[in-house]
Amino acid sequence: MNIQNYINGNFQNPIDDQWLDNFNPANGEVYGQIPNSSSKDVEQAYQSAKSAFKQWSQTSLEERSRILIKISELLEDNLQRFAEAESKDNGKPVSLAKSVDIPRAASNFRFFGNAITQFSSESHESVGQQAINYTLRQPIGVVGCISPWNLPLYLFTWKIAPALAAGNCVVAKPSEVTPVTAYLLGDICNEAGLPKGVLNIVHGLGVSTGQAIIEHPDIKAISFTGGTATGAHIAKTAAPMFKKLSLELGGKNPNIIFADCDYEDMLNTTVRSSFANQGQICLCGSRIFVERTIYEQFKVDFVAKVKQLNVGHPSEAHTNIGALVSKPHLEKVKDYINIAKEESGTVLCGGNEVVVEGYENGYYLEPTVIEVSTDECRVNQEEIFGPVVTMMPFDTEDDVLLMANKVKYGLSATLWTNNLKRTMHMSQQLQAGIVWVNTWMMRDLRTPFGGVKASGVGREGGFEALRFFTEPKNVCIKY
Ligand code: NAD
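Sequential numbering of the sequence shown, starting at 3, is according to my numbering.
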């Protein structure tokens, strides 16, 4: 499938006619070409967004809301087609794309379509001074949205929907590794009646297309999700232009298990929080810490369950673990397994590539559990972002808190316990933007989403996202 840029409501080839191969991770074959857009394409996208801004920013909230909800409904109507496209592009099981990725992309549009009708700003009466202040929340103008490959349409729309709801026009770039569902979204937007130029989607490499977006002097805000190193580069580039930035970056999240938890629930959820989406979710609990009194039991039970996971072609119904997203990523994850061995980690299960019959060149890897003897080893400190977890025992709350916080990241943490005092204490002390207690990845779209430390700056979700995509202005009236 060959894809094109979506600019001013039309599909078009990149101006310089530069193209990239798009790979199917399930069989390693090239199945299409995607534009590698230059700054010329980004400029066209910007101009189209700029022309649309005046009218879109003046469009009533009811009308914006109606269009966003229509996009949501059309995504739902096209669930199967989008799920299959996402799976083919990314390697994830179709069942996962169908139950998580695409429904969530639809929810993003529905949620922000509704949220904008409830969004309001503050007023402050200056008592005794006969003055009233009120805050205007105005759209920023043209904003840039850049997203990664792990949850392609899910994260792409998580940015676009609030940006549009708040009255901005958008120049957006999905990951060059997984661009197809973003391309398909263009048609849906046209069908839903989104005016031309309000959303523009340009495809290409980070260093060419992405760079042109972040460098563009008139794209006033950048909402980015991706790796920490890229986030740092974006911050450096954008800061001298005083752009507003939201950066959602990497994670190395602790999953802390106390002996007093609901064991079965914890065990089943821990399998999911370790290996869902081939472990390629920024929220995966990739460092498992288990209270020593249940450590040996957990080790036996967890490894037994992990061994039952089926690695296979993404479209097979029995597949739990599909293909990793790309050959370079597969190599990176394998390198970390070798590093673990060199650092005297013990591979308790997995660790090898899997050959799936009929798809011998696909990027398949066994779910891998590594027992580590120190939390300071590289596999316990660096983001692997694949089907690999580490595990080790702990003795006290203080010990595990120290280890949990002793990484550069701070995105999410999971805590398994039925002790209320401990829950309150640990939730306060964990350095993370999100703490899940006795659950994992349970999402309410109204809540603030994001990380601390090297996991990013700013929060997405709910009114936080609408605040990011608007500029507050204080108006003071003396009467
Ligand atoms: P990446 O940083 O390589 O790429 C992300 C996006 O940035 C892509 O669209 C890419 O083309 C673009 N990009 C790259 N260089 C750029 C540049 N110089 N200027 C502008 N854009 C540029 O990340 P990835 O490999 O696609 O995704 C994996 C990473 O994303 C992991 O670190 C993961 O933890 C992180 N992630 C974070 C969250 C979160 O919410 N915090 C969610 C999902 C993924």
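Positions of the beta carbon are idealized from the N, C-alpha and C atoms, including for glycine.
C-beta contact flag for Val273 and Pro395 at 8 Å: no
Option in Asn257, Leu251, Ile221 with minimal Cα separation from Ala240: Ile221
Rounded C-alpha distance that separates Ala223 from Glu378: 37 Å
Distance CB(Ala107)-CB(Leu155) smaller than 8 Å: yes
Of the listed residues His315, Asn440, Met268, nearest to Lys301 (C-alpha basis): Met268
Cys379, enclosing alpha helix (DSSP H) - first and last residue: Element bounds for Cys379: n/a, residue is neither H nor E.
Closer than 7 Å: Ile158 CB and nearest ligand 1 heavy atom: Note that residue 158 corresponds to Phe in the displayed sequence, not to Ile. Flag unset: Cβ of Phe158 not near ligand 1.
Spatial distance of Gln60 from Glu78 (CA atoms): 28 Å
Cβ-Cβ separation, Leu70 to Leu201 (assumed contact under 8 Å), whole Å: With 8 Å as the limit, Leu201 and Leu70 do not qualify as a contact, their Cβ atoms being about 11 Å apart.
Coil, strand or helix - Trp418 by DSSP: strand
Reference Tyr48; option with closest CA among Gln433, Asn170, Leu138: Asn170
Start and end residues, alpha helix (DSSP H) containing Thr271: 265-277
Lys94, buried or exposed, once every other Cβ within 10 Å from all chains shown has been counted against 16: buried
Spatially closest choice to Phe470 from Val358, Glu88, Pro141, Met3, by CA coordinates: Pro141
Whole-Å CB distance - Ala133 paired with Ile386, under 8 Å assumed: At roughly 56 Å, the Cβ-Cβ gap does not stay under 8 Å, so Ala133 and Ile386 are not in contact.
Any non-hydrogen atom of ligand 1 closer than 7 Å to His218 Cβ: no
Inter-stretch contact (C-beta, 8 Å, three-pair minimum) for the region 242-250 and the region 329-347: no
Residue environment, Thr553, which counts as buried when at least 16 other CB atoms sit within 10 Å: Residue numbering for the chain in the displayed model covers 3 to 481; residue 553 lies beyond these limits and cannot be assessed.
Identity of the residue in Asn476, Glu473, Phe465, Val477 nearest Gln120 by Cα: Phe465
Of the listed residues Glu355, Ser125, Val129, nearest to Tyr136 (C-alpha basis): Ser125
Contacting residues, own chain, Cβ-Cβ under 8 Å from Phe111 (five flanking each side not counted): Leu70, Ile71, Ile73, Ser74, Leu77, Thr159, Ala163
According to DSSP, residues forming a beta bridge with Pro474: Arg139
Selected residue, minimal CA-CA separation from Gln282, among Gly233, Ser41, His427, Gly252: Gly252
Any non-hydrogen atom of ligand 1 within 7 Å of His235 CB: yes
Three-pair Cβ contact test at 8 Å for the region 84-100 versus the region 323-330: yes
Cβ-Cβ separation, Ile372 to Val409 (assumed contact under 8 Å), whole Å: That pair is no contact at about 16 Å.
Pair within 8 Å by beta-carbon distance, Asn38 and Ser210: yes
Sheet register partners of Pro37 (DSSP bridge): Trp21
Exposure label - Arg232; buried when at least 16 CB within 10 Å: Reading the sequence as shown, one finds Thr at residue 232 and not Arg. Buried is the call here.
Exposure of Lys175, with buried meaning 16 or more beta-carbon neighbours within 10 Å: buried
Pro105 versus Ile190: straight-line alpha-carbon distance, rounded: 15 Å
Opening and closing residue of the alpha helix (DSSP H) in which Gln299 lies: 294-309
beta-carbon Glu88 near ligand 1 non-hydrogen atom, thresh 7 Å: no
First and last residue of the uninterrupted beta strand (DSSP E) at Pro395: 390-396
Asn24 burial status per 10 Å Cβ neighbour count (16 or more: buried): buried
Val145 Cβ short of 7 Å to ligand 1 heavy atom set: no
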